[in-house]
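Chains as they are written, first to last, in numbering that gives the first Met the number 0: chain A, 0 to 147; chain B, 0 to 147; chain C, 0 to 147; chain D, 0 to 147. The C-beta atom is built at its ideal place from N, Cα and C for all residues, glycine as well. Bear in mind the structure is a predicted one, so any value in this text is a computation, not a measurement. Below is one structure; the comments refer to it alone.
4 protein chains.
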Amino acid sequence: MIYTPKDKDYLTRVKESFDRQNFMSLINAKLIKTEPGFCEIHVPYNINITQQHSFFHAGIVGTVADNAAGYAAYSLMDKNSSILTVEFKLNLISPADGELLIGRSHVLKYGKTLTVCRSDVFVVKDGVEKICAASQSTLIELHNKTDH
Amino acid sequence: MIYTPKDKDYLTRVKESFDRQNFMSLINAKLIKTEPGFCEIHVPYNINITQQHSFFHAGIVGTVADNAAGYAAYSLMDKNSSILTVEFKLNLISPADGELLIGRSHVLKYGKTLTVCRSDVFVVKDGVEKICAASQSTLIELHNKTDH
Amino acid sequence: MIYTPKDKDYLTRVKESFDRQNFMSLINAKLIKTEPGFCEIHVPYNINITQQHSFFHAGIVGTVADNAAGYAAYSLMDKNSSILTVEFKLNLISPADGELLIGRSHVLKYGKTLTVCRSDVFVVKDGVEKICAASQSTLIELHNKTDH
Amino acid sequence: MIYTPKDKDYLTRVKESFDRQNFMSLINAKLIKTEPGFCEIHVPYNINITQQHSFFHAGIVGTVADNAAGYAAYSLMDKNSSILTVEFKLNLISPADGELLIGRSHVLKYGKTLTVCRSDVFVVKDGVEKICAASQSTLIELHNKTDH
Numbered sequence: 000m001i002y003t004p005k006d007k008d009y010l011t012r013v014k015e016s017f018d019r020q021n022f023m024s025l026i027n028a029k030l031i032k033t034e035p036g037f038c039e040i041h042v043p044y045n046i047n048i049t050q051q052h053s054f055f056h057a058g059i060v061g062t063v064a065d066n067a068a069g070y071a072a073y074s075l076m077d078k079n080s081s082i083l084t085v086e087f088k089l090n091l092i093s094p095a096d097g098e099l100l101i102g103r104s105h106v107l108k109y110g111k112t113l114t115v116c117r118s119d120v121f122v123v124k125d126g127v128e129k130i131c132a133a134s135q136s137t138l139i140e141l142h143n144k145t146d147h
Numbered sequence: 000m001i002y003t004p005k006d007k008d009y010l011t012r013v014k015e016s017f018d019r020q021n022f023m024s025l026i027n028a029k030l031i032k033t034e035p036g037f038c039e040i041h042v043p044y045n046i047n048i049t050q051q052h053s054f055f056h057a058g059i060v061g062t063v064a065d066n067a068a069g070y071a072a073y074s075l076m077d078k079n080s081s082i083l084t085v086e087f088k089l090n091l092i093s094p095a096d097g098e099l100l101i102g103r104s105h106v107l108k109y110g111k112t113l114t115v116c117r118s119d120v121f122v123v124k125d126g127v128e129k130i131c132a133a134s135q136s137t138l139i140e141l142h143n144k145t146d147h
Numbered sequence: 000m001i002y003t004p005k006d007k008d009y010l011t012r013v014k015e016s017f018d019r020q021n022f023m024s025l026i027n028a029k030l031i032k033t034e035p036g037f038c039e040i041h042v043p044y045n046i047n048i049t050q051q052h053s054f055f056h057a058g059i060v061g062t063v064a065d066n067a068a069g070y071a072a073y074s075l076m077d078k079n080s081s082i083l084t085v086e087f088k089l090n091l092i093s094p095a096d097g098e099l100l101i102g103r104s105h106v107l108k109y110g111k112t113l114t115v116c117r118s119d120v121f122v123v124k125d126g127v128e129k130i131c132a133a134s135q136s137t138l139i140e141l142h143n144k145t146d147h
Numbered sequence: 000m001i002y003t004p005k006d007k008d009y010l011t012r013v014k015e016s017f018d019r020q021n022f023m024s025l026i027n028a029k030l031i032k033t034e035p036g037f038c039e040i041h042v043p044y045n046i047n048i049t050q051q052h053s054f055f056h057a058g059i060v061g062t063v064a065d066n067a068a069g070y071a072a073y074s075l076m077d078k079n080s081s082i083l084t085v086e087f088k089l090n091l092i093s094p095a096d097g098e099l100l101i102g103r104s105h106v107l108k109y110g111k112t113l114t115v116c117r118s119d120v121f122v123v124k125d126g127v128e129k130i131c132a133a134s135q136s137t138l139i140e141l142h143n144k145t146d147h
């Protein structure tokens, strides 16, 4: 689906919000691509963000899915709006075993108040990308509320 | 609901698994209480795990809900079993604004293969505890698979 | 949790809305109890609403969970508001094998715009009640919109 | 994604299971298309399956999403297997206002035990098709269990 952003400076707005999330910097997450209604985030493997089998922790997988959804949705919002995740549901499909975690999210429906996104999380192992999780999220636009 | 654990050393098994999750130590998460079918995890506030408004990041909230569910379920499993989260759904109910995040999870149904848990996440601000998120999870027991 | 309804005639409002849902009458669903923030709905067994093993169809189980959540939330809303389900997640815990299906839902958080409910669905077999499903829902209040 | 079915008679198996669901016949649901890992189900409008605004009831929307997912998954399973829905999450995106409801589901991951599907539900009004709901489901394959 092709979306026309209401705010032509959506990219700056998304980047600034992402940069205000300290947790993104703690896990070395990078905002790789933002288009109207789409976002891609990468997190490189690090032993500090693992679970008991030394794979990426499910909490990191969920973080990547949720954040990609949030910024995919935020790219379409008014410049004076803030965004919150209402809820998300995540299926962990295969072990997040690899050197890089990639979250990609698409807006499925952008509404006046609520936006629905679908996200896929991929893990790259020895250069091969494989889906490891899938999520569906609901986001809310808070009009006339700053993001910080 | 009262559960009788199949493995009387469930507490040791849960603690050892928790300690193998490096991500728990990165965010300074503590396993506070484990009973058959119940688990409570605490994460103290830290500026490194925040989102753009300086509250706990939704990814941390999800992590706490998911991990509490995982160990609540794991407490009931066979000593030779491993556990994986199949999926979870999280509602973010109010801002995670406070000095401590508490995740509590109860097993709703322990099955031969699949287990369903409900988790609540609370935030403590100035000593007052308030619900900030609620989740429902499905976990799978992998029989005869070690946890590490 | 104890809720004080904003509309003292909430019971009439809930009943009238329920009665406007033709699907409830098709499956012979009954609104058994409505309290502020709570709702209970019953559906008797009928061979027409079954799946391939002659148990209640998952679609009926979902309907009962969703509708109980909707009316639990609606009981707390303004008299001039309408309600819509934003989303729900349902775990089917055991077969819905019995003579009566019971949905009970509690409001977990009533917000200005969004409300979160948890529902349990029970099946009664030979007089014994057993949980067969659990759900978590998000509802939206549409202010100044009539329900019909 | 292209799937190769393990049972070359998957179509017959899916049809027979669908026909054993009395609830499908009550709501006049039709199995329109089944391919390996895909299923499409139609339900024509009928005043008996409506909610308070005379649109398709959310319970019917959920039923169509869940059943399409179930048969998309079932098409890939062993001939001696039975299937159960573990859980599903449904976002209701816009009112199901129209003359026909269409559920389409794709298998995202077919696993030995668990399968994950994504479903879209569309409503057709005056001949124009529009998305009205989106879901994500987890299904379980019960090996060596008959479907009836």
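- Counting the other Cβ atoms within 10 Å of the Cβ of Pro-4/A gives 16 or more, which makes it buried.
- Between Leu-138/A and Ala-68/A, the beta carbon gap of about 7 Å places them in contact (Cβ cut-off 8 Å).
- In the three-state DSSP reduction, Ser-16/C falls in the helix class (H, G or I).
- Beta-bridge analysis with DSSP links Gly-102/D to Ile-40/D, Val-120/D.
- Between the alpha carbons of Leu-83/B and Cys-116/A lies a gap of roughly 25 Å.
- Within a 10 Å sphere around the beta-carbon of Thr-145/B sit fewer than 16 other beta-carbons, which makes this residue exposed.
- When beta bridges are read from the DSSP output, Leu-30/C appears opposite Ile-40/C.
- Listed along chain D, the residues sitting closer than 7 Å to Thr-137/A by beta-carbon distance are Asn-90.
- Excluding sequence positions up to five before and after Leu-107/A, its CB lies within less than 7 Å of the CB of Val-115, Cys-116, Arg-117, all in the same chain and listed in chain order.
- The secondary-structure analysis by DSSP pairs Ile-48/C with nothing; it has no beta-bridge partner.
- For Thr-137/D, the pairing in a beta bridge is given by DSSP as Glu-86/D, Val-115/D.
- Two segments are said to touch when three or more pairs of C-beta atoms, one from each, lie closer than 8 Å; by this definition the region 25 to 37 of chain D does not touch the region 122 to 138 of chain C.
- The Cβ-Cβ distance between Ala-95/B and Cys-131/B falls below 8 Å.
- In this structure, Ser-104/D and Lys-129/D do not form a Cβ contact; the two beta carbons are roughly 18 Å apart against a cut-off of 8 Å.
- The Cβ-Cβ distance between Tyr-70/D and Tyr-2/D does not fall below 8 Å.
- Distances from the alpha-carbon of His-41/D to those of Lys-7/D, Ser-81/D, Ser-74/D, Gly-61/D put Gly-61/D closest.
- Burial is judged here by how many other beta carbons sit within 10 angstroms of a residue's own beta carbon; Asn-66/C has at least 16 and is buried.
- Nearest C-alpha to Glu-34/A among Asn-143/A, Tyr-44/A, Val-63/A, Arg-12/A: Arg-12/A.
- Listed along the chain, the chain D residues whose CB falls inside 7 Å of the CB of Ser-16/C are Gln-51.
- Cβ neighbours of Thr-49/D within its own chain (closer than 8 Å, five residues either side excluded): Phe-55, His-56.
- In the DSSP assignment, no residue is bridged to Val-63/B.
- DSSP, read as helix, strand or coil, puts Phe-54/B in coil.
- For Leu-113/B, a Cβ of chain D is located within less than 8 Å of the residue's own Cβ.
- The three-state reading of DSSP puts Ser-81/A in strand, counting E and B together.
- Against chain D, the CB of Lys-108/A has a partner CB under 8 Å away; the residue lies at that interface.
- By the criterion of a C-beta distance shorter than 7 Å, Arg-19/C is surrounded in its chain by His-147, once the five residues flanking it on both sides are discounted.
- Listed along the chain, the chain D residues whose CB falls inside 8 Å of the CB of Ala-72/A amount to none; the nearest CB is some 13 Å away.
- Between the alpha carbons of Leu-100/B and Ile-31/B lies a gap of roughly 12 Å.
- Think of a sphere of 8 Å around the beta carbon of His-147/C: the chain D residues whose beta carbon falls inside it are Gln-51, His-52, in chain order.
- Only residues of its own chain outside the window of five on either side were considered, and among them Asp-146 have a CB closer than 6 Å to the CB of Ser-16/C, listed in chain order.
- At a cut-off of 8 Å, the C-beta of Leu-100/B has no neighbouring C-beta in chain A.
- For Leu-75/C, same chain residues with a beta-carbon under 8 Å away, outside a window of 5 residues either side, are Tyr-2, Pro-4, Lys-5, Tyr-9, Pro-35, Gly-36, Val-106, Tyr-109, Thr-114 in chain order.
- Ile-48/A is outside the set of residues whose beta carbon lies under 8 Å from a beta carbon in chain D.
- From the beta-carbon of Ile-130/B, the residues of chain C found nearer than 9 Å are Leu-107, Lys-108.
- For Gly-58/D against Phe-22/C, the beta-carbon gap comes to about 6 Å, under 8 Å, which counts as contact.
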